[in-house]
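Enquirer: I have a structure I would like to understand better, so I am pasting it below and will then ask my questions one at a time.
Protein chains in written order, with this note's numbering: chain A, 1152 to 1310; chain B, 1152 to 1310; chain C, 1152 to 1310; chain D, 1152 to 1310.
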């Protein structure tokens, strides 16, 4: 657990476990750069396989990174209300309802960092904002911004 | 050229050439299913490498298919005004300004088809709508819908 | 009840009663033009009080009409599942989670018609699309399009 | 000119003049609370005429305030590039391409403040974010957030 994680160790563990099951993030060689209550950062290298016709990272991959950074976050119990985390059955799931992405600059760089932050954390609905930065020659450029809605599905346990 | 393409052969050729340069679409094994003025369909198989934690196609890949179906379309000269297509310098480019995707059903299936349609085709800005369908055991399900904005950049030629 | 309403009279009644409580729609002199399962049309006249700096209807009023056309619809029991309408407690409410509007043409005309349609009707979340048309000298122009998310809140009754 | 306006007096003047021509903002009794490069705040009182069925400010009016806060901003020369402001013909116009609003809390309060900020200011396209706060009994609540795209139309002057 990094110093930036002031919550219980099992929350970070749970985020990392869920993250590991995301084949696409593995395929993109993405990794968690930061886990903290209400915030998650994902980092991934440039990969020619995921580019559009101009050689930049495809808008869909930009969305993938932003969506994952936002979605994983609620999963750690903050998006669905960090305070009530212990009340959430362990098999609850967080799904994207919708996301809206504005593309601000070409997604070119050696590496990318997606930042997801929970703005409003409700019982059912959470709203997140995301920012994607490209890192090139030591410089960062804001590539895209997202505003997204997540839903927390509390699965009924049949004992 | 398919019977569904009532416009000049070089338009479809140009769409296919631009499509072929999209590494991500190649990586996804995507192919053009339909090209017609103002409409483009893309088809792609399920691929475990591009799934999220529940084994469904990742929202980012859903967005990739929808965005590509919408973006390629304007590139064929319809989104930026099909009537004025011959006036557009051959090196004009169509870029995504923003897109908004609602996820309606889990993206599970053997194959997916993204449909992009131009709703408003302006000189600079075009607005498209997209629908993604999952095909499973001969049945189609609407998986996601998109509303997106594209910009046509007319590059100045220095002769 | 108009011939376009194939469902029980109390559904249309309920829509109209809820509509009547919307002060803003009254202020805009809006009226219901069509109620049918999964679809609602609202009509409103041009009003100088609600214009932006160029004399066109303000984007916020365009959104108001589209949002109302979409929101009222689920309220009639279709958005939250028409089939399960009788199961919904009478005091359930439909709220907008988010909406995204593209402005396609200037909102100028003598009258406006907003059409809202439910694309996906889920137990909790419904997704709607809307189209706003301006009517001028017998001609219709598509002014704006919306993609929106609604949530159905089932209020607990304490008897 | 307020101390928060570090740019030329005619910029603020121009914003206020354009603002004054917005009938809807006048109808809402809206006023400019802050003008600074890349940022504009609008304040408006609660008004029963603009409510929805629960007595809260209607989502369309929430959008109106956010849209106006964002749109006026580029108009002051920052959205279309503050540095290049003197190069912009005085009759250029800023129009909304699209906006997406998430509704986070009921719009109830004595007064509302909409904050618009330019995140990316391009030659043609600008992207803004907005936040709407409700003020009630000395407390502020975040009611809604917006992510919007504006276009700067440089009108050709025929001399």
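Beta carbons are placed, not taken as given, at the ideal position from N, Cα and C, and that holds for glycine. None of the values given here were measured: they were computed from a predicted structure.
I want to check one thing, is the minimum distance from the CB of residue 1188 of chain D to the heavy atoms of the ligand NAD below 6 Å?
Expert: With respect to the ligand NAD, the structure shown offers nothing to examine, as it has no ligands at all.
Enquirer: Check this for me: beta carbons of residue 1251 of chain C and residue 1251 of chain B, under 7 Å apart or not?
Expert: A contact, by the Cβ cut-off of 7 Å.
Enquirer: Run through chain B and tell me which residues come within less than 9 Å of residue 1186 of chain C, C-beta to C-beta.
Expert: Simply none; closest approach about 23 Å.
Enquirer: Going by the beta-carbon positions, is the gap between residue 1216 of chain B and residue 1201 of chain A smaller than 7 Å?
Expert: It is not a contact, given that the beta carbons lie outside the stated cut-off.
Enquirer: Residue 1260 of chain C and residue 1283 of chain C look like a contact to me (Cβ under 8 Å); what is the Cβ gap, rounded to whole Å?
Expert: Not a contact, Cβ separation roughly 10 Å.
Enquirer: On the criterion of 16 or more Cβ atoms from any shown chain inside 10 Å, does residue 1204 of chain B qualify as buried, or is it exposed?
Expert: Burial call: buried.
Enquirer: Do residue 1268 of chain B and residue 1190 of chain B come within 7 Å of each other at the CB atom, strictly closer than that value?
Expert: Yes.
Enquirer: Reducing DSSP to helix, strand and coil, say where residue 1238 of chain D ends up.
Expert: Per-residue confidence for residue 1238 of chain D stands at a pLDDT of 41, beneath the threshold of 50, marking its modelled position as unreliable; the derived number appears in the next sentence. In this structure, residue 1238 of chain D counts as helix in the three-state DSSP scheme.
Enquirer: With DSSP run on the structure shown, which of helix, strand or coil describes residue 1207 of chain C?
Expert: Residue 1207 of chain C falls in the coil class under three-state DSSP.
Enquirer: What whole-angstrom Cβ distance do residue 1301 of chain D and residue 1255 of chain D have, given they're in contact under 8 Å?
Expert: Going by Cβ atoms, the distance from residue 1301 of chain D to residue 1255 of chain D rounds to 23 Å, so no, they are not a contact pair.
Enquirer: Would you report the Cα separation of residue 1167 of chain B and residue 1288 of chain C, rounded to the nearest angstrom?
Expert: Whole-angstrom Cα-Cα distance: 43 Å.
Enquirer: Mind listing the chain C neighbours of residue 1278 of chain B? Cutoff is C-beta to C-beta under 8 Å, in chain order.
Expert: Within 8 Å Cβ-Cβ: 1253, 1255, 1296.
Enquirer: Taking 7 Å as the threshold (C-beta atoms), are residue 1258 of chain C and residue 1294 of chain C in contact?
Expert: The answer is yes: Cβ separation under 7 Å.
Enquirer: How would you call residue 1164 of chain B, buried or exposed, if buried means at least 16 neighbouring beta carbons within 10 angstroms?
Expert: Counting Cβ neighbours within 10 Å, residue 1164 of chain B comes out exposed, since fewer than 16 surround it.
Enquirer: Is residue 1271 of chain B close to chain C? Criterion is C-beta to C-beta, closer than 7 Å.
Expert: Output row for residue 1271 of chain B: interface = yes.
Enquirer: Out of C:1263, C:1291, C:1249, C:1262, which has the shortest C-alpha to C-alpha gap to residue 1276 of chain A?
Expert: The shortest C-alpha separation from residue 1276 of chain A is found at C:1249.
Enquirer: Going by alpha carbons, who is nearest to residue 1149 of chain C out of D:1173, D:1188, D:1208?
Expert: Any property of residue 1149 of chain C remains undetermined from this structure, which presents chain C solely from 1152 to 1310.
Enquirer: Identify the continuous alpha helix (DSSP H) that holds residue 1099 of chain A and give its terminal residues.
Expert: Because chain A spans 1152 through 1310 in this model, residue 1099 of chain A falls outside it and cannot be assessed.
Enquirer: Taking the beta carbon of residue 1211 of chain A as the centre, do at least 16 other beta carbons fall within 10 Å, making it buried, or is it exposed?
Expert: Buried is the call here.
Enquirer: Indicate the three-state DSSP secondary structure (helix, strand or coil) for residue 1232 of chain C in the structure shown.
Expert: Low local confidence applies: a pLDDT of 38 at residue 1232 of chain C is under 50, so the model's placement there is unreliable, and no value is given.
Enquirer: Got a sec, what are the start and stop residues for the beta strand (DSSP E) residue 1281 of chain C sits in?
Expert: Note, residue 1281 of chain C: beta strand (DSSP E), 1276–1287.
Enquirer: Exposed or buried, what is residue 1193 of chain C when buried is set at 16 or more other beta-carbons lying within 10 Å of its beta-carbon?
Expert: So residue 1193 of chain C ends up on the buried side.
Enquirer: Any Cβ of chain B within less than 7 Å of the Cβ of residue 1261 of chain D?
Expert: No, residue 1261 of chain D lies away from the interface with chain B (no Cβ there is under 7 Å from its Cβ).
Enquirer: In angstroms, rounded to a whole number, what distance separates the CA positions of residue 1184 of chain C and residue 1280 of chain A?
Expert: Looking at the two C-alpha atoms, the distance is approximately 37 Å.
Enquirer: Mind listing the chain A neighbours of residue 1201 of chain B? Cutoff is C-beta to C-beta under 8 Å, in chain order.
Expert: Going along chain A in sequence order, the residues near residue 1201 of chain B (Cβ under 8 Å) are 1174, 1175, 1178.
Enquirer: Quick one: what's got a C-beta closer than 7 Å to residue 1232 of chain C's C-beta in the same chain, skipping five residues either side?
Expert: Residue confidence is low: residue 1232 of chain C scores 38 on pLDDT, short of 50, so the model does not pin down where it sits. No coordinate-derived value is stated.
Enquirer: Distance check for residue 1263 of chain A and residue 1278 of chain D, CA to CA, integer angstroms please.
Expert: Between residue 1278 of chain D and residue 1263 of chain A, the C-alpha separation is close to 21 Å.
Enquirer: Against chain B, does residue 1248 of chain D count as a neighbour if the rule is that its beta carbon must be under 7 Å from one of theirs?
Expert: Answer yes: the Cβ-Cβ gap between residue 1248 of chain D and chain B drops below 7 Å somewhere.
Enquirer: What did DSSP end up calling residue 1164 of chain A once you bin it into helix, strand or coil?
Expert: It is helical.
Enquirer: Is the shortest distance between the beta-carbon of residue 1300 of chain C and the beta-carbons of chain D less than 7 Å?
Expert: Chain D contact via Cβ: absent.
Enquirer: Over what stretch of residues does the beta strand (DSSP E) that includes residue 1300 of chain A continue unbroken?
Expert: Note, residue 1300 of chain A: beta strand (DSSP E), 1290–1304.
Enquirer: By DSSP, does residue 1255 of chain C sit in helix, in strand, or in coil?
Expert: Correct three-state label for residue 1255 of chain C: coil.
Enquirer: For residue 1171 of chain B, count neighbouring Cβ atoms within 10 angstroms of its own Cβ and tell me buried if that reaches 16, exposed if not.
Expert: Per the 10 Å Cβ criterion, exposed.
Enquirer: Strictly below 9 Å CB to CB, what residues from chain B border residue 1265 of chain A?
Expert: By Cβ distance, chain B contributes nothing, its closest Cβ being about 11 Å from residue 1265 of chain A, past 9 Å.
Enquirer: Which residue marks the beginning of the beta strand (DSSP E) containing residue 1200 of chain D, and which one marks its end?
Expert: First-last for residue 1200 of chain D: undefined, no H or E at that position.
Enquirer: Using CA coordinates, which residue listed in D:1178, D:1187, D:1218 is at the minimum distance from residue 1299 of chain D?
Expert: The option with the nearest alpha carbon to residue 1299 of chain D is D:1218.
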